[in-house]
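For the sequence shown, position 21 (counting from the first letter as 1) is numbered 23 according to the numbering used here, and the numbering increases by one without interruption.
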Amino acid sequence: MNRIDDVVVFRSLTKVDLRKIVDIQLRRLDKLLSDRQVKLELSEEAKLRLVDLGYEPALGARPLRRAILKQVQDPLAEALLGNKYAGGTSIKVGLEGERFTFTG
């Protein structure tokens, strides 16, 4: 019962799809940061770089999630734990070459 016996074909996610998913994932991260009264803003270039890093048509959105974790969430968590940013700070994430930058 409640089982699909037919083959279900999904289309691969496009970069346009992943760009939308970046916004969804960043809203979730922003919500987590609101507990610390920290606001996160990513430049369009940084968002597009995340899409490039996370684009793997055969794997869907999983590589994108890993790219966000590795490039944004983990470095941000380390900075917050190290008290680099105070509450009420707006942190801007940009791109310098291929490297993500954090200013706040």
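Beta carbons: idealized from backbone N, C-alpha and C, even for Gly.
Bear in mind that the values here come from a model prediction, so they are computed numbers and not experimental data.
Open item on the list: Pairs of beta-carbons, one from the segment 9 to 26 and one from the segment 61 to 70, closer than 8 Å: are there three or more?
Closed with: yes
Open item on the list: Restricting to Cα atoms, I'd like to know which of Leu-55, Ile-93, Thr-105 and Val-9 is closest to Lys-72.
Closed with: Leu-55
TODO: Thinking Leu-82 and Arg-38 are a contact (beta carbons under 8 Å), I'd like their distance in whole angstroms, please.
DONE: 7 Å
Task: Endpoints, alpha helix (DSSP H) assigned at Leu-55 - done: 46 to 55
Task: Sequence-distant residues of its chain with Cβ nearer than 8 Å to Lys-41 (five each side left out) - done: Asp-32, Leu-35, Thr-91, Ser-92 and Ile-93
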